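Quick notes on the structure that follows.
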Amino acid sequence: MTVKAILTDIEGTTSSLSFVKDILFPYARQHLGNYVRAHANAPQVAEQLESVRRELGNPGASLEEVIATLERWIDEDRKITPLKTLQGFVWEKGYLDGDFTGHVYEDAVAGLQRWKQQGLDLYVYSSGSVQAQKLLFGYSDAGDLTDLFSGYFDTRIGSKRDMMSYSRIATECALAPEKILFLSDTFEELAAAHRAGMQVLGLSRGLDPMAVMDFTWVRSFDEVDAYL
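Note that our numbering has the sequence shown beginning at 1067, numbered continuously upward.
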């Protein structure tokens, strides 16, 4: 491969699924309602609440109806932009209060630092909001890693399982898709990126991935260099 940039997923790739599923999501589920009640009139929060009402097709939905919807979406693991944005606001408070730090695998930290030193541009693409991405890497177990990245993408650019999302990202990065290597633990995301023309590698993190015959899979970032 001739790779100019690496685009990486977060959950199951740079960071453990358990951190997101067992720490971040429950924290947001516990605190989101009270956070929204306390900050409903703040412009950045009010904007997201209006987006929820539009999603519901109910512009007159009460604040409590909106909160109930948000909590249901969390329970259903929905990838909806206003939910992800509001979760980011709640997580920001958690990071700032020292309730947790962002988990990043040691091999991911070392790999990202190594590739940056080699002159590769690094980008993040996650269903979590850009704000949440910056918080995870900014308050990580390994310290502030945000300087490693040239850009961040979330569901505002499109679904992670939609080929066009990866085409848009390549355009935003000013690179031909084939110059970008996408790392993810999810087959459907790898397939979408591959259809867009990107190079792809699956991260199995020691598990036996499904459909391994369709793409190359590695167990850690230490094994990625052989494909650059």
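The beta carbon of each residue, even a glycine, is placed where N, CA and C say it ideally should be.
Since the model is a prediction, treat every value here as computed from it, not as a measurement.
> Tell me which same chain residues have a C-beta within less than 6 Å of the C-beta of L1115, skipping the five on either side of it?
Replying inline: The residues are V1132.
>> Distance check for T1151 and G1126, CA to CA, integer angstroms please.
In response: Annotation: G1126 to T1151 spans about 21 Å, alpha carbon to alpha carbon.
>> If you reduce the DSSP assignment to three classes, tell me which class F1253 lands in.
In response: Reduced to three states, the DSSP call for F1253 is helix.
> Do V1175 and L1211 have their C-beta atoms within less than 8 Å of each other?
Replying inline: Going by C-beta atoms, V1175 is nearer than 8 Å to L1211.
> What is the residue span of the alpha helix (DSSP H) that A1174 lies within?
Replying inline: For A1174, the enclosing alpha helix (DSSP H) begins and ends at E1172 to Q1183.
>> To the nearest angstrom, how far is the alpha carbon of S1192 from that of L1202?
In response: When rounded, the distance between both Cα atoms is 12 Å.
>> Only counting the same chain, and skipping five residues up and downstream in sequence, which positions put a Cβ closer than 6 Å to that of K1245?
In response: By the criterion of a C-beta distance shorter than 6 Å, K1245 is surrounded in its chain by K1070, once the five residues flanking it on both sides are discounted.
>> I want to know whether the region 1087–1098 touches the region 1138–1146 - three or more CB-CB distances under 8 Å.
In response: Judged by Cβ distances under 8 Å, the region 1087–1098 makes contact with the region 1138–1146, as three or more pairs qualify.
>> Quick check for students: name the residue ranges of the alpha helix (DSSP H) that lie wholly in the region 1125–1153, counting only runs of 4 or more.
In response: Taken in chain order, the complete alpha helix (DSSP H) segments of 4 residues or longer contained in the region 1125–1153 are 1129–1141.
> What separation, rounded to the nearest whole angstrom, lies between the Cα atoms of Y1101 and G1168?
Replying inline: If I take the Cα positions, the gap works out to 21 Å.
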